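Visitor:
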Amino acid sequence: MRRREPITVLVYNQDEAKAYAAPVRARRGRIRLAVCATREEAAAAVGEAEVIYAWKFPPDLYARATRLRWLQAMGAGVDWVLVPTLPPGVTVTRAPGIFGPWMREYVLGWCLAVTQRTETYRAAQRERRWREEILPDRLAGKTMTLVGLGDIGRTIAAAARSLGMRVLGVSRSGRAVREVERVHRLPALERALGQADFVVVVVPLTDGTRGLLGARALAAMKPTAWLFNIGRGAVVDEAALVAALRERRIGGAVLDVFSTEPLPAEHPLWGLDNVVVTPHISGPSTPGELAPVFNDNLARWLAGRPLRHVVDRARGY
Ligand code: OXD
90 MRRREPITVL
100 VYNQDEAKAY
110 AAPVRARRGR
120 IRLAVCATRE
130 EAAAAVGEAE
140 VIYAWKFPPD
150 LYARATRLRW
160 LQAMGAGVDW
170 VLVPTLPPGV
180 TVTRAPGIFG
190 PWMREYVLGW
200 CLAVTQRTET
210 YRAAQRERRW
220 REEILPDRLA
230 GKTMTLVGLG
240 DIGRTIAAAA
250 RSLGMRVLGV
260 SRSGRAVREV
270 ERVHRLPALE
280 RALGQADFVV
290 VVVPLTDGTR
300 GLLGARALAA
310 MKPTAWLFNI
320 GRGAVVDEAA
330 LVAALRERRI
340 GGAVLDVFST
350 EPLPAEHPLW
360 GLDNVVVTPH
370 ISGPSTPGEL
380 APVFNDNLAR
390 WLAGRPLRHV
400 VDRARGY
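In structure tokens:
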């Protein structure tokens, strides 16, 4: 059944609300856009909104979202959407296919920075030293263990394999996936970590993954292995990680996400020489890449057809 009344689509993004709203397309007269860059603007518009297209919508405003039926997340993760205040009947959709290509370059770029000993040669250059006694290492033949095999994890896996890496995976189901040589279930996490030269954490944050990589998991890693976290900070026990890094029980860490963001200036991770800190940029959202995903779903919504990329709210992803 086709609807006639224009519906309100609330676009919320604190940095780029207008840029996200500009490419939103629907047949004339079918939608009314409320473009909100502040909490106040969102508070004023949320009561009318049937659809929200947002990044980090203020969770306390859901209580006023009495007409809300569908929320499209502008980022990779949806933990900020799936809060207790979100009304039960609201459908949540995500945007697969966009972030994996960014994140495979981030992961492989930093893997190569490690094996190519970028820091060492740059430091030697600053000292005008010719350090021919140090050779780069080969990435081919190294093992990567991906903790999380959603679309992003599998995209990284395929890229790692194309460079000759051996790729293992860990997932809740343990189901085999084409891109990965062997998939372990969560109870075998430590076995999978113990084989890795690079561990890449890309699981969503849920009740089941919070603190998943704690002291025991870190102790299972090789002393030369690097931990990458590009999922959510709270999946890794940061205090246990700092201890492992300080005591050189693992080789190092490349961290894009943290329990508290921005990472507080006094946090010990900033000062460790075996840590790379990046400011949650490994898979950036851009209005141009997200617009086709949203517009496709919006057309479906307006035509009364099923949405794509629906999140299982009970599972948390
Ligand atoms: C995220 C993102 O969900 O950056 O973290 O998209």
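The opening position of the sequence shown corresponds to residue 90 in the working numbering, with each subsequent residue numbered one higher. For glycine and all other residues, C-beta sits at the position ideal for the given N, C-alpha and C. Every value quoted in this text rests on a predicted model; they were computed, and no experiment measured them.
1) Spatial neighbours of R206 within its chain, please: CB distance less than 6 Å, with the 5 preceding and 5 following residues excluded, ordered by chain position.
2) What's the C-alpha gap between Y195 and S371?
3) Please report the distance separating the alpha-carbon of D240 from that of P185.
4) At the level of alpha carbons, what is the spacing between E350 and R321?
5) Near S348, which residues of its chain fall below 6 Å by C-beta distance, leaving aside the five closest residues on each side in sequence?
6) Would you say the beta carbon of P373 is closer than 8 Å to some non-hydrogen atom of the ligand OXD?
7) Output yes or no for whether 9 Å exceeds the beta carbon distance between T97 and A138.
8) Which residues does DSSP list as the beta-bridge partners of L99?
9) Report the start-end ranges of each alpha helix (DSSP H) in the segment 356-396 that is 4 residues or longer and not cut off at the edges.
10) Which runs of the beta strand (DSSP E) spanning at least 3 residues fall entirely within the segment 286-313, listed in chain order?
11) Let me check one thing: in DSSP terms, what residues is L334 bridge-paired to?
12) Could you tell me the boundaries of the alpha helix (DSSP H) in which S251 lies?
13) By alpha-carbon positions, which one of R250, T234, T367 ends up nearest to V272?
14) Say whether the segment 129-137 touches the segment 169-185, bearing in mind that this needs 3 or more beta-carbon pairs closer than 8 Å, one atom from each stretch.
15) Just to confirm my understanding: we take R193, look at its own chain, exclude 5 residues before and 5 after, and list those with CB closer than 6 Å. What are they?
16) Mind the definition here: the segment 111-128 touches the segment 373-389 only if three or more C-beta pairs lie below 8 Å; say whether that holds.
17) If F317 sits next to V346, beta carbons under 8 Å apart, how far is it from one beta carbon to the other, in whole angstroms?
18) With respect to 8 Å, is the separation between the Cβ of R321 and the closest non-hydrogen atom of the ligand OXD below this value?
19) Measure the C-alpha to C-alpha separation of R250 and L157 and round it to an integer number of angstroms.
20) Apart from the five residues just before and just after G341, which ones in its own chain have a Cβ nearer than 6 Å to its Cβ?
21) Tell me, which residues are paired with Q214 by DSSP?
22) Exposed or buried, what is T182 when buried is set at 16 or more other beta-carbons lying within 10 Å of its beta-carbon?
23) Just to check my reading of the structure: P373 and W191 have Cβ atoms closer than 8 Å, yes? What is that Cβ distance to the nearest angstrom?
24) Thinking C-alpha only, which one of A285, V399, S262 is nearest R274?
25) Can you give me the Cβ contacts of L302 inside the same chain, cut-off strictly under 7 Å, excluding the 5 residues immediately before and after it?
26) Where does V170 fall in DSSP's three states?
27) Under three-state DSSP, which class holds R193?
28) Which of the three DSSP states, helix, strand or coil, is assigned to A154?
29) Among all residues, which have a Cβ less than 5 Å from at least one non-hydrogen atom of the ligand OXD, and in what chain order do they fall?
30) Can you tell me which residues form a DSSP beta bridge with G260?
Guide: Straight from the coordinates:
1) P225
2) Between the alpha carbons of Y195 and S371 lies a distance of about 6 Å.
3) 7 Å
4) One C-alpha to the other measures close to 10 Å.
5) G322, A323, E327, listed in sequence order.
6) yes
7) Cβ atoms of T97 and A138: closer than 9 Å.
8) Note: L99 is bridge-paired with A123, I141 in the DSSP secondary-structure output.
9) 376-392
10) Those beta strand (DSSP E) runs which fall completely within the segment 286-313 and span 3+ residues are 287-290.
11) In the DSSP output, where bridge partners are listed per residue, L334 has none listed.
12) S251 -> alpha helix (DSSP H) spans 240-251.
13) T234
14) no
15) Cβ within range, chain order: T244, I245, A248.
16) yes
17) Wrong, their Cβ atoms sit about 10 Å apart, outside the cutoff.
18) yes
19) Roughly 43 Å separates the two Cα atoms.
20) W315, N363
21) Note: Q214 sits in no beta bridge, so no partner.
22) buried
23) 6 Å
24) S262
25) Cβ neighbours of L302 beyond the five flanking positions: V290, V324, V325, D326.
26) Residue state, collapsed to three classes: coil.
27) helix
28) Coil.
29) G164, A165, G166
30) The sequence given here places Ser at residue 260; Gly does not occur at that position. In the DSSP output, where bridge partners are listed per residue, S260 has R274.
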